[in-house]
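All remarks here apply to the structure that follows.
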Amino acid sequence: MQYVGHKAANPTLATLIEFGPENADFLETTFDDLESGREYQPKYPTLWLNVHGLENHKLLKLIGLRFKLHPLVLEDILNTQQRPKVEQYGEYLFITARLVSMDEDGQLGSEQVSIIVGRGFVLTFQEKPTGTFASIRETLRTSESQIRKLGPDYLVYSLLDKLVDRYFLVLEQLGERSENLDEAINASPSPEQMTEVQDMRRSLQYIKRSLWPMREVLNTLQRDEADFFHSETQLYLRDVYDHTVQLIETVESLREMAGGLQEMYLSLQSQRLNEQMRMLTVITTIFMPLTLIAGIYGMNFDNMPELHWAGGYYAVLGLMGAIAMLLSLFFWLRRWV
Amino acid sequence: MQYVGHKAANPTLATLIEFGPENADFLETTFDDLESGREYQPKYPTLWLNVHGLENHKLLKLIGLRFKLHPLVLEDILNTQQRPKVEQYGEYLFITARLVSMDEDGQLGSEQVSIIVGRGFVLTFQEKPTGTFASIRETLRTSESQIRKLGPDYLVYSLLDKLVDRYFLVLEQLGERSENLDEAINASPSPEQMTEVQDMRRSLQYIKRSLWPMREVLNTLQRDEADFFHSETQLYLRDVYDHTVQLIETVESLREMAGGLQEMYLSLQSQRLNEQMRMLTVITTIFMPLTLIAGIYGMNFDNMPELHWAGGYYAVLGLMGAIAMLLSLFFWLRRWV
Amino acid sequence: MQYVGHKAANPTLATLIEFGPENADFLETTFDDLESGREYQPKYPTLWLNVHGLENHKLLKLIGLRFKLHPLVLEDILNTQQRPKVEQYGEYLFITARLVSMDEDGQLGSEQVSIIVGRGFVLTFQEKPTGTFASIRETLRTSESQIRKLGPDYLVYSLLDKLVDRYFLVLEQLGERSENLDEAINASPSPEQMTEVQDMRRSLQYIKRSLWPMREVLNTLQRDEADFFHSETQLYLRDVYDHTVQLIETVESLREMAGGLQEMYLSLQSQRLNEQMRMLTVITTIFMPLTLIAGIYGMNFDNMPELHWAGGYYAVLGLMGAIAMLLSLFFWLRRWV
Amino acid sequence: MQYVGHKAANPTLATLIEFGPENADFLETTFDDLESGREYQPKYPTLWLNVHGLENHKLLKLIGLRFKLHPLVLEDILNTQQRPKVEQYGEYLFITARLVSMDEDGQLGSEQVSIIVGRGFVLTFQEKPTGTFASIRETLRTSESQIRKLGPDYLVYSLLDKLVDRYFLVLEQLGERSENLDEAINASPSPEQMTEVQDMRRSLQYIKRSLWPMREVLNTLQRDEADFFHSETQLYLRDVYDHTVQLIETVESLREMAGGLQEMYLSLQSQRLNEQMRMLTVITTIFMPLTLIAGIYGMNFDNMPELHWAGGYYAVLGLMGAIAMLLSLFFWLRRWV
Amino acid sequence: MQYVGHKAANPTLATLIEFGPENADFLETTFDDLESGREYQPKYPTLWLNVHGLENHKLLKLIGLRFKLHPLVLEDILNTQQRPKVEQYGEYLFITARLVSMDEDGQLGSEQVSIIVGRGFVLTFQEKPTGTFASIRETLRTSESQIRKLGPDYLVYSLLDKLVDRYFLVLEQLGERSENLDEAINASPSPEQMTEVQDMRRSLQYIKRSLWPMREVLNTLQRDEADFFHSETQLYLRDVYDHTVQLIETVESLREMAGGLQEMYLSLQSQRLNEQMRMLTVITTIFMPLTLIAGIYGMNFDNMPELHWAGGYYAVLGLMGAIAMLLSLFFWLRRWV
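Which chain is which? The protein sequence lines are A, B, C, D and E, in order.
Here the first sequence is numbered in our numbering, starting from 174 and rising by one per residue.
Here the second sequence is numbered in our numbering, starting from 174 and rising by one per residue.
Here the third sequence is numbered in our numbering, starting from 174 and rising by one per residue.
Here the fourth sequence is numbered in our numbering, starting from 174 and rising by one per residue.
Here the fifth sequence is numbered in our numbering, starting from 174 and rising by one per residue.
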């Protein structure tokens, strides 16, 4: 059992919320010592224990003992590179999901959220506090919230819904970035843009890799055969499932757009090359013959009759002008100019 | 419950049509206040309530109460970025579809159409009036129409058929545009054309993303296990289903054509580059040696015997001509000219 | 019910063939008025009505009434852009297939063939006479033909077999064309060839789009659960099914070959560009220094001692020769020449 | 029933081998007239009739009558372009497979081998003698061979095993060729290599097209539901099946390698172009200014004071040297030299 | 039965470990002669026989006889190019897997590990000692290890887990290499990098080819229907299965990254070409007209009035400067400089 994740120490912090449908049925406590908690009996029907930071192995082991978690579950909670999955362990379901975020530099970050749902309790484990579930806690405090009424399974739905919503935010940012890149490339293509496209592709690939299994998780939950979810809650899960499908399609669109950006870049580059080549060819073709003529009449032969003609110089200038005009005409006709 | 869609306010407008198979069984009313309608009892067997504009949340809530719609349904009606889907909610089916359109600039637009079909009633919700269903209303007014005879399920078929027909129009326009582009690229390739190809690809991608789930919707309806559709109507649904399959194949063809346009563009560009390069090489190769010769006889050495030969000048001109002809022959043999 | 297809009017022509296994059981009539035919009772066990041209809507309606065809079937017969499909309508099977052909310009054409098979009758509808089924009619006239013995299902097999055989012809032509193109590109690449490759790809795409559903049609027929086909005939259908699979694989090969042609073209173009570039670089690199030297000794400074040396001119010529030879050697070592 | 295959006449040659598990139970006869054979009753439990050459239609018909083969089977034996398949016809299984070979020019060849296995007999049909099955005949002659013990189904396994082994040989040759090409391209890329890569790809495509159905054949046989194969033999068939899977993966690897060769070729070409371009640009950029300076001081103006300076010539030479060095430095800093 | 593998002789070495859950239940012996072992009866419930080196065919045959292994199993053990698979042979399961490794040059190596698990015994066969399973042996020596408690199936899990862990190591190395390449290409692209990318792609392809069947193996074991694995061990197998899925996704990411590197390389190359071309065009366009002017005034015509103007020379120099500046301005406006 070894912790694999953010190196920076996030002090472990456990928040316990107990609630029931009634107005008074609500209790919220924060602590980081659960020793005494082994015998603790909850007062209200539903218990939600949220743990931030995974460094306190002792606490985790205690939680494992208290809720009879399988050693593999504890290992998976600590191994924070898991792909989203749902696994049934007799009396409880173990769900891992990813919480994505994008910092101001457009760097994609993600951390693991582990959710365990059993009869009457929900355990959540996060690597560090992100405030994603703050609004759910807020809602819980009001006695009229649906979570209070519908219990642990609806709470799990609310958590997953929040996690999926984060993907929408991230994809929106990526969409904007892709449109900005599109404009920038059309304005003046540069290889830095290609590095950025590659970067975007990598982010999209990463998101895709966590969304596909997330969809499977939601599909499994929605058809939940182990009866952890009421049929009413399953309707809501179907809704989140639809969202992941929509997200996957957006990812695919963005990936195709990124591919389009690359093609656009390459065709603009080849267009520029063509343009420059055309210019070079036109210039060279016009000036080379003229330079040759000038060179010929710069030769020092004793016997060059043209040199002694009165209008020789003007005739040669005229010839040069004629050649230049004829060649220009030729290029104009070929649409090179 | 929040409205996500066209910002411009489209005043909500509800049209109620009641009908039965008999000639006289027809009633059409337009209103935007349904307060009194909560107790309203329809006179004829089938009721079709069509709502344009989704800004009047109060009206929508009233409709929701009157027809006992699930909150998630109302949310999905307002969230107008849904992908097409069909969901069964006990007493009614909830269908969302997309109505595509293309403006004169070739910009693809789409809006959501939500359809709810229950025993004896059909509800439709659109973001704004588009006239797509006008012909259905017209048909309904004549007592001999099949919709009057076959009831709500055939009405739903007619609505979906109209929606699918719109895709044919849009794809036809895209097909024409693609052929125009093909000709234009072959005439003279320019990077603007590539931007247009990218644009077309994006439109096709968008259409594909709404057609695939639409096909699933029709497949589900056609096999409808919840008995909302008569077996006779299912034959017609199979027909619309076939149309979506045909549409999907057309989209795939157009996508492949767009890919072909890009390849054509690139190969034309590389062809042009080659042509210019060939010209440049030929010109340079012929004129450089001649210019060198002229340069040599332009040197000012005291002792250059050729300069004093009587026919020196003519001999050098002849040499130049010979070199030019030999090089031209060389290029002609290599098929460069 | 509206006709969508070849604009040129093909007068509708109906041919009725009745036959049984016995030698005398054969009757062939051609007519274009079926009015009287509504009460017509066939004499022999199997009836084959073949209709060429779909402009005579009245005739089609009469046939529809006589054989109790569903309105959707008549609509599909007239809508001649259907993809191949098989649909069961109670007492009969409705099959649409495509008859492909290639004119001498390599333009792919296709028309729809609709086949209806019921107990004791086969109806076929084509847009115009093509002679594809002539040999079947010929075979039918001899009492020993298997079709006479095995009845309508074997007749349908024979029709489909003929239709599938046409694909072999077309693909053979495309295969030859692709080989010709291969040779032509290797001889001297030109952008017209790319246009032809694109054209070929489009044809292959079109064929693929009609072959895939055709395979499904044959697969469905071969497993026919509605008992229209004897098990003996199903063996033969399996054979045609195998042919479509073989055809599909040939299409895929040809598509890959077409892709290979494009790559070949591009690599030849880039090869040529390289060759020209090499030549240009070699010429420029050799002549530029020589021209500079000639230019230097063409300067008019008063004090240029070399100009007054007796062997100055020859020394400079020698220097030029040496430089040219050294540079040539350099390029030869770098394998540029 | 028409023969489609190698045009050169291969005289039909039939070899009959009868055998049983006992030492003495072995009889081998060669003949090309089976007329008398219609009543022939085999002495030993298993009979293997191997036919080389398919031109003798009469013989084939007789075999067909003797073993009650379906007309479609005989047709498929003669139509030698079949894809591998297995078909059950009541009392016997009909298997077609392809025997691949590669001549010394790397040209891929293949011929059809048809195998019919029934209770107590195996029939094999080949287009011409290839010696592929010689070792099996040799093994059969020794009474201890497993084929003698296990009967017709193990004989069929041995035949298929030999056919599949041939693919390994061919793929090994293609693998070597691909490695040689890899080296050759890296040494000096030329368009002939691309032609060879295309050729290799075509061969791989061809092999793939016969391996995929071969895998299906073996999969079907291995699960044989018609009881032609003992469970012991099925273990051996599973082994051959594994070999085809391995072959398919090797084909895919080689295809990807071929794709890699093309990309390598193109990137080497573009690398070369870049190198040449760099050289051309450097040479041009250095010599053009120098040539201009020489040209300026070659002008014939009366009033050009520099020309009359004592050190003018040397000053200009110095200027030229300085410019050349500065430009070289510039290119060196930009890593162009 | 023939050995296909590492040519260098690895002397065969067999290690026998017997163990049971109790502290004292442990026995470890090493030998390379099993002759006497045919009658050997194990003392403790579980027996693990590990064989290094496959050259001693006699020993293998003895093991085959002792454990009643099918001849095909022995053949597969010796044929060390097998793809991972699991096969059930009545009383035992036969598993082949691949042990991957990467040497310091980045060359991927792999060898076959064959595992046979039956009631109470596990046999493992490796080509040469690699130390991969050393830690498992170490763990076994302590009586508290889970393997001692859970028996042969958990031992097999531990072996497979070790094998899968090796893939993580290799992919990590490939990931680092890919990032180094990315930086190197961005710094200065060279064709050697492309060779390395191709090499990496080949390694990834190879890994993919062994991971996909490995996943199937683990999937089969996890659902094991033949009851070789306890349900507790199956939970652990599910965990290893998840690891292979994660590995496959990592491979796909790396493959996509490798593709991205190639595109990056090509776009950098085209960028460079463009840059050089731009420079060449600018230089040529500016200097050619100037050189022509110099050439014109270097002509030797008798009658060239400009030559005799007092300020002629300076006027021409001024003209040259003006032209150079105008052209520079032109290029600056076009963003070419």
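The C-beta atom is built at its ideal place from N, Cα and C for all residues, glycine as well.
Would you say B/I288 and B/T297 are within 8 Å of each other, going by their C-beta atoms? yes
Does any residue of chain B bring its CB to less than 8 Å from the CB of A/S331? no
Cβ neighbours of A/R411 in the same chain (closer than 7 Å, five flanking residues each side left out): Q395
Taking 7 Å as the limit between beta carbons, can you name the residues of its chain near A/W505, skipping five residues before and five after? none
C-alpha distance - D/A360 paired with D/L354, whole-angstrom precision: 10 Å
Using 8 Å as the limit for Cβ to Cβ distance, is B/K180 near chain C? Residue placement at B/K180 cannot be trusted, given a pLDDT of 49 that sits under 50; the coordinates are not used to answer.
Any residues in the stretch 471–499 of chain D with a beta carbon nearer than 8 Å to a beta carbon of chain E? Which ones, in chain order? G471, M472, N473, F474, D475, N476, M477
At 9 Å on the CB atoms, spell out the chain C contacts of B/N359, in chain order. By Cβ distance, chain C contributes P364, T368.
Check whether the stretch 316–328 of chain A and the stretch 426–443 of chain A are in contact - that is, three or more C-beta pairs closer than 8 Å. no
Quick check on the burial criterion: 16 or more other C-beta atoms within 10 angstroms. Buried or exposed for E/F267? The residue in question, E/F267, is buried, as its Cβ has 16 or more Cβ neighbours within 10 Å.
From D/V413, D/E436, D/A488, pick the residue whose C-alpha is nearest to that of D/L336; which is it? Considering only alpha carbons, the answer is D/V413.
By the criterion of Cβ-Cβ separation under 7 Å, what are the contact partners of D/G433 in chain E? Q371, R374
Run down chain C in chain order and give the residues with a C-beta less than 7 Å from the C-beta of D/R445. N447
Residue nearest to E/A495 in terms of C-alpha spacing, selected from E/R374, E/E479, E/I466, E/R507: E/I466
From the beta carbon of A/Q378, is the nearest beta carbon of chain E less than 8 Å away? yes
Within 10 angstroms of the Cβ of A/E300, are there 16 or more other Cβ atoms? Answer buried if so, exposed if not. buried
Cβ-based burial, B/K216 [other Cβ within 10 Å; buried from 16]: exposed
At a Cβ threshold of 8 Å, is A/A187 touching chain E? no
Residues of chain A with CB under 8 Å from B/K258, in chain order? Those are D415, listed as they occur along chain A.
Helix, strand or coil: how does DSSP classify C/V286 here? strand
Grouping DSSP H, G and I as helix and E and B as strand, with all else coil, what is E/H225? strand
What first and last residue would you give for the beta strand (DSSP E) that runs through A/V259? 258–262
For a test of the three-state rule: what should DSSP assign to D/F460, helix, strand or coil? It is helical.
How big is the Cα-Cα spacing for A/L480 and B/Y470? 15 Å
Should B/V510 go down as buried or exposed, given a rule of 16 or more other Cβ atoms within 10 Å for buried? exposed
Decide if A/E369 is buried, meaning its Cβ has at least 16 other Cβ atoms within 10 Å, or exposed. buried
Can you tell me the Cα-Cα spacing of A/L420 and B/E260, whole angstroms? 19 Å
For the beta strand (DSSP E) containing C/M275, list its first residue and its last residue. 265–275
Report yes or no: is there a C-beta of chain E within less than 8 Å of the C-beta of D/M387? no
Can you check whether the CB of B/Q366 is closer than 8 Å to the CB of B/A357? Annotated as proximal: B/A357 and B/Q366, with beta-carbon spacing under 8 Å.
Identity of the residues DSSP links to E/I190 by a beta bridge: E/E201, E/W221
Per-residue DSSP class, three states only, for E/V517: Since the displayed chain E opens at 174 and closes at 510, residue 517 of chain E lies outside it and no answer follows.
With contact counted as at least three CB pairs below 8 Å, one residue from each stretch, are the stretch 188–199 of chain D and the stretch 484–503 of chain C in contact? no
Throw me the rounded Cβ distance for the A/T312 and A/L272 pair, which I believe falls under 8 Å. With 8 Å as the limit, A/T312 and A/L272 do not qualify as a contact, their Cβ atoms being about 19 Å apart.
Ignore the nearest five residues each way along the sequence and tell me which others in C/P302's own chain have a CB closer than 6 Å to its CB. H225
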